[in-house]
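K.L.:
Using the working numbering, the first residue of the sequence shown is number 3, and each one after it goes up by one. Before I ask anything, let me first share the structure, which is written out below as structure tokens.
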Amino acid sequence: MPLFGLSRNPFRALCLTALVPLGCLVGSTVVAAGFGCDGEWANSPVCRERQAAVDVRAKAEALMERLAVVSEPPWAAADFTAAETLHAEGMALYRDEYFGDAAAKFQVALARLEAIDEGFDELVQRKLAEGEALLAAGQHEQAAAQFEAILNWKPHSAEATQGLATAQQGAEANVLLDEARQLIVRGELAAAEQRLNTIPPGQLRQGVGEARAQIEATKRQDRFIRSMSAGYRHLDLAEWAQAEAAFAEALRANPTSTAAQDALQDLRRQRSEAELARLGTEVEAELEDQNWPAAQTLLQRIRALAPNDARTANRLARVNRLVEVERLIDAHLAAPQRLSTKGVRDQVDSLLVEAQARDDHGPRIDAKLLELREVLATWTQAVKLTLLSDNRTEVRISPGRALGKFRELHLEVLPGDYVASGRRAGFREVRLSVAVPPGSPPLTFEVVCNERF
């Protein structure tokens, strides 16, 4: 124990020393009166102890007052009660003017209170972090409970207030999102979209995104079903273009649908079969009418649809030949004057010989072949031609040969266009066009050079 019990009552101890001031006669009454620590005594040990006790007491009381108003405090009641007891003990010592002992009690009480406050702050920060984590996880109701607990302890916490507001908005958004999901299940997609639009931007991004994706998927599925139904309806009516468009739309709605792909294949098969049947009917009519070019076009279309059909290949080969034969016949009949040329006559002879060896031309081409034979016979029947000259002019006929000098020359030429020319020294050359039509009576021409240079 300190000498003379200084820590218990320092003023009483001071009164035992020399040079005792008047105030010692009345003991602590001087300090209690408020003037004992003024002046020269202000820096005395007892006054410093008193001031230390006052300072630590003030800190402890301020912290205790702040903690005392916390509703439903999260710390152990015994810890706070122990701090209060220490404070009360310090107050008793202080009132008895044992300031050193009082300061020690206040210091221990302050330490207890600071430990409680520090743990309290850590708890609040932990709960704030947990609340934020729950918000991030979309667990808004649990987050709201965390922030409400903090506000119950610290009503003016700005972080907890903001967190609670966000959690409440999220909870409301959750209700809207649940309603939207129920509407989606019932197929009320427009109403579901409207409900999603009422959710504040930034709230429940993942859930809202998933709901919107589900709406789009449902729309695509609905569009797929409608398109498939329309496609089969058009298919039953043989409305090929409409059916193909509908199945293509279904495939756009669901690109991986094997049903849509199979439907398109079935459509193409049915359309091809129907087209083949129609073309088959048309080609029979054209063959019956001996309209070889039209039949050729139809058979080519059939060949494109059924490239491996041997019957079509054989018929097309025959029709191709008949088209070419008829084209050649028509060309010769359209320009019979070309028969005056030996090369053209040889072509016609070959054509007629080849045609004679076949009997599948049909009445129309046979009639044209007969006409061509008649035309050829007409253009190969010679016509008598008499040329008159002066026996001094060198006469030549082209196409043909040099005829020499004569007064009168009789020739037989095939129908055609000729040029008779005459030359004589000192005279101008004469040229005379000679047209010999088929079946013409005998013709007479004069070729004489009688104009001098």
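For each residue, glycine too, the CB sits at the ideal point set by N, CA and C.
What does a CB cutoff of less than 8 Å around E134 pick up in its chain, not counting 5 residues either side in sequence?
P.N.:
Closer than 8 Å at the Cβ level, and outside the excluded window around E134, lie A145, G165.
K.L.:
Less than 8 Å separating the beta-carbons of V355 and H334?
P.N.:
In this structure, H334 does not lie closer than 8 Å to V355 by Cβ.
K.L.:
In the structure shown, what three-state DSSP assignment does F429 receive?
P.N.:
Three-state DSSP puts F429 in a strand.
K.L.:
Suppose you measure from the CA of V436 to the CA of P338; what does that come to, to the nearest Å?
P.N.:
Rounded to the nearest angstrom, the two C-alpha atoms are 18 Å apart.
K.L.:
Which whole-angstrom value is the C-beta distance of L434 and V415, which I expect to be below 8 Å?
P.N.:
Not a contact, Cβ separation roughly 14 Å.
K.L.:
Express the C-alpha separation of D119 and G92 in angstroms, rounding to a whole number.
P.N.:
Between G92 and D119, the C-alpha separation is close to 20 Å.
K.L.:
Taking 6 Å as the limit between beta carbons, can you name the residues of its chain near T258, skipping five residues before and five after?
P.N.:
Around T258: no qualifying Cβ.
K.L.:
Quick one: residues in its chain with C-beta nearer than 8 Å to the C-beta of Q170, no 5 flanking neighbours on either side, listed in chain order?
P.N.:
Taken in chain order, the residues that qualify are H142, A146.
K.L.:
Report the rounded CA-to-CA distance for T382 versus L353, giving the unit in angstroms.
P.N.:
Looking at the two C-alpha atoms, the distance is approximately 16 Å.
K.L.:
Between W155 and A193, what straight-line distance do the alpha-carbon atoms span, to the nearest angstrom?
P.N.:
Those two C-alpha atoms are separated by around 42 Å.
K.L.:
Ordered along the chain, which non-local residues of its own chain (more than five positions away) have a Cβ less than 6 Å from that of A296?
P.N.:
So the list reads E288, once near-sequence residues are dropped.
K.L.:
What residues are listed by DSSP as bridge partners for Y96?
P.N.:
Answer by DSSP bridge pairing: none, since Y96 is not bridged.
K.L.:
Taking all protein chains shown into account, decide if I227 is buried (16 or more other Cβ within 10 angstroms of its Cβ) or exposed.
P.N.:
Exposed, since its Cβ has fewer than 16 Cβ neighbours within 10 Å.
K.L.:
From the DSSP output, which residues share a beta bridge with S435?
P.N.:
DSSP output for S435 lists V421 as bridge partner(s).
K.L.:
Within the 8 Å Cβ cut-off, does H142 reach chain C?
P.N.:
The chain inventory of the structure shown lacks chain C, comprising one protein chain alone.
K.L.:
Could you check which residue in V285, L281, E251, E246 has the C-alpha nearest to that of D268?
P.N.:
Looking at the Cα atoms, E246 is the closest of the given residues.
K.L.:
Please report how far the alpha carbon of R254 lies from the alpha carbon of A262, in whole angstroms.
P.N.:
Spanning the two alpha carbons is a distance of roughly 9 Å.
K.L.:
Exposed or buried, which one is G102 when buried takes at least 16 other CB atoms within 10 Å?
P.N.:
The residue in question, G102, is buried, as its Cβ has 16 or more Cβ neighbours within 10 Å.
K.L.:
What is the rounded straight-line gap between the Cα of V346 and the Cα of G364?
P.N.:
Cα-Cα distance, rounded: 25 Å.
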